[in-house]
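**Q** This is the structure I have questions about; it appears just below.
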Amino acid sequence: MDISLSIEIILMLTVVAALAGFIDAIAGGGGLLTIPAMLLANIPPVLTLGTNKLQAASGALAASITMIRKGVVKPKNIKTAIIAAFIGSVLGTIAVQLSPPDLLEKLIPFLIAAIGIYTLFAPRLGEVEAAPRISESRWQKVVAPLIGFYDGYIGPGTGMFFALGNVALRGRQIIEATGAAKVLNLSTNIGSLIFFIIGGNVLWKVGLAMMVGQTIGAYFGSHMVVKGGSKLIRPMIVLVCMAMLTKYVFG
17 MDISLSIEII LMLTVVAALA GFIDAIAGGG GLLTIPAMLL ANIPPVLTLG TNKLQAASGA
77 LAASITMIRK GVVKPKNIKT AIIAAFIGSV LGTIAVQLSP PDLLEKLIPF LIAAIGIYTL
137 FAPRLGEVEA APRISESRWQ KVVAPLIGFY DGYIGPGTGM FFALGNVALR GRQIIEATGA
197 AKVLNLSTNI GSLIFFIIGG NVLWKVGLAM MVGQTIGAYF GSHMVVKGGS KLIRPMIVLV
257 CMAMLTKYVF G
């Protein structure tokens with residue numbers, strides 16, 4: 017399916033995608049920018065979701081490559097989580113096309129508020145490793161696919177949920193957790209994108225243009241993570257949480 021958009025609109029969406037890629041690489045939540053922007057461009061909701069996955073996957077890939085090259089994350093150590101998150105996102109994408117996501121939409125604001133408050137009032141969050149609250153096996157086999165399901169079902173903030181979940185439940189340092197989050201988010205984006213493509217719900221011209229912006233933004237954002245560490249990530253997560261709450265409460 018395709019719709020007609022002016023070159024000016026496509027360029028505007030590309031710029032928005034670049035900013036979203038930068039934010040996504042640091043804290044997640046870039047979908048808060050790209051999804052409303054596409055809806056304002058009069059792109060139908062289902063096409064917006066599918067096209068958003070296309071451009072988001074490119075940003076996640078750019079961020080993941082940077083994190084892997086910098087030695088922040090080793091995919092082989094989280095291969096079970098990568099597979100589980102992929103399966104979760106596929107199931108979530110199928111589910112969202114079969115039923116309205118009313119229940120999760122009502123729960124999301126409370127979940128986001130809890131994450132924002134936890135991040136704001138934990139001054140040493142992720143600066144040093146802490147004692148894990150659950151086993152690595154349970155994190156990879158249970159928590160990762162649940163977050164993957166959320167990404168396929170609704171999406172915004174998935175990277176943030178992966179990162180903060182790893183810090184809170186596994187006691188990881190926030191830079192390491194953010195690196196792992198990028199790789200897992202890439203897996204969920206690909207899983208979800210495959211089924212949007214099968215359903216014919218991707219605007220390729222728009223998505224490919226936005227991929228350029230998303231990739232550039234993600235490249236610079238991921239380098240900022242490596243350089244800035246928790247001093248940069250923590251305030252960005254709080255800001256993203258506030259933005260998400262504002263959208264869900266007032267938008």
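In this note's numbering, the protein residues as written are 17 to 267. Beta carbons: idealized from backbone N, C-alpha and C, even for Gly.
1) Spatial neighbours of Gly-168 within its chain, please: C-beta separation below 6 Å, excluding the five flanking residues on both sides.
2) Between the Cα of Gly-176 and the Cα atoms of Pro-148, Leu-21, Leu-255 and Ser-22, which residue gives the shortest distance?
3) Okay, do the region 218 to 225 and the region 53 to 69 touch, 3+ Cβ pairs below 8 Å being the bar?
4) Cβ atoms of Ala-79 and Ser-238: under 7 Å apart, would you say?
5) Please classify Thr-262 as buried or exposed, where buried requires at least 16 other C-beta atoms within 10 Å of its C-beta.
6) Going by C-alpha to C-alpha distance, which of Gln-189, Ile-25 and Pro-91 sits closest to Val-57?
7) Please name the residue in Leu-21, Leu-70, Phe-211 and Phe-178 whose C-alpha comes closest to that of Pro-161.
8) Thinking C-beta only, is Ala-34 closer than 7 Å to Gly-223?
9) Between Ala-36, Leu-185, Val-89 and Ala-73, which has its C-alpha nearest Thr-194's C-alpha?
10) Using the rule of at least 16 other Cβ atoms within 10 Å of the residue's Cβ for burial, across every protein chain shown, is Leu-200 buried or exposed?
11) Here's the rule I'm using: 16 or more other beta-carbon atoms within 10 Å means buried, otherwise exposed. How should Val-112 be labelled?
12) Look at the Cβ atom of Ala-101, then the Cβ atom of Gly-164, and state whether they are nearer than 7 Å.
13) Mind pulling the alpha helix (DSSP H) runs of 4 or more residues that sit fully within the region 139 to 202?
14) Using the rule of at least 16 other Cβ atoms within 10 Å of the residue's Cβ for burial, across every protein chain shown, is Ile-191 buried or exposed?
15) Can the beta-carbon of Ala-196 be found less than 7 Å from the beta-carbon of Ile-94?
16) Measure how close the beta-carbons of Glu-152 and Arg-188 come, nearest whole angstrom, since I'm counting them as under 8 Å.
17) Cα separation between Val-158 and Ile-23?
18) Determine the direct distance from the alpha carbon of Ala-129 to that of Met-258, and round the result to whole angstroms.
19) By a C-beta neighbour count over all protein chains shown, 10 Å radius and 16 as the cutoff for buried, is Leu-180 buried or exposed?
20) My output table needs one value for Gln-113: the three-state DSSP class, helix, strand or coil.
21) Taking the alpha helix (DSSP H) that Ala-34 belongs to, which residues open and close that run?
22) Does DSSP put Ala-100 in a helix, in a strand, or in coil?
**A** In short:
1) Translated into the one-based positions of the sequence shown, residue 168 becomes position 152. Here the set comprises Ser-105, Gly-108, Thr-109 and Ser-208.
2) As a first step, residue 176 must be located in the sequence shown, where it is residue number 160. One point to set straight first is that residue 176 is Met, not Gly, in the sequence displayed. Considering only alpha carbons, the answer is Leu-255.
3) yes
4) Residue 238 sits at position 222 when you count from the first residue of the sequence shown. Residue 79 sits at position 63 when you count from the first residue of the sequence shown. Yes, Cβ-Cβ distance for Ser-238 and Ala-79 is below 7 Å.
5) Within the sequence shown, residue 262 is the residue found at index 246, counting from 1. With fewer than 16 other Cβ atoms within 10 Å, it is exposed.
6) Within the sequence shown, the letter at position 41 stands for residue 57. The question names Val, but residue 57 is Ala in the sequence shown. Measuring from the Cα of Ala-57, the nearest candidate turns out to be Ile-25.
7) Within the sequence shown, the letter at position 145 stands for residue 161. Comparing Cα positions, the closest option is Phe-178.
8) Taking the first residue of the sequence shown as position 1, residue 223 is located at position 207. Taking the first residue of the sequence shown as position 1, residue 34 is located at position 18. No, the pair does not count as a contact, with Cβ atoms beyond the cut-off.
9) The residue labelled residue 194 in the question sits at position 178 within the sequence shown. Taking only the C-alpha atoms, the option nearest Thr-194 is Val-89.
10) Here residue 200 refers to the residue found at position 184 of the sequence shown. By the 10 Å Cβ count, Leu-200 comes out buried.
11) Position 96 of the sequence shown, counted from the start, is the residue given in the question as residue 112. Label assigned to Val-112: buried.
12) Position 85 of the sequence shown, counting from 1, holds the residue named residue 101. Position 148 of the sequence shown, counting from 1, holds the residue named residue 164. The answer is yes: Cβ separation under 7 Å.
13) 160 to 169 and 174 to 186
14) Taking the sequence shown and counting its residues from 1, one reaches residue 191 at position 175. With 16 or more other Cβ atoms within 10 Å, it is buried.
15) Sequence index remark: in the sequence shown, residue 196 carries index 180 (1-based). Sequence index remark: in the sequence shown, residue 94 carries index 78 (1-based). Yes.
16) Taking the sequence shown and counting its residues from 1, one reaches residue 152 at position 136. Taking the sequence shown and counting its residues from 1, one reaches residue 188 at position 172. That pair is no contact at about 10 Å.
17) By 1-based counting over the sequence shown, the position of residue 158 is 142. By 1-based counting over the sequence shown, the position of residue 23 is 7. Roughly 44 Å separates the two Cα atoms.
18) Position 242 of the sequence shown, counted from the first residue, corresponds to residue 258. Position 113 of the sequence shown, counted from the first residue, corresponds to residue 129. Spanning the two alpha carbons is a distance of roughly 8 Å.
19) By one-based count along the sequence shown, residue 180 stands at place 164. That one is buried.
20) Position 97 of the sequence shown, counting from 1, holds the residue named residue 113. Gln-113 falls in the coil class under three-state DSSP.
21) As a working mapping, residue 34 is identified with position 18 in the sequence shown. Residues 23 to 42.
22) Stepping through the sequence shown from its first residue, residue 100 is reached at position 84. Three-state DSSP puts Ala-100 in a helix.
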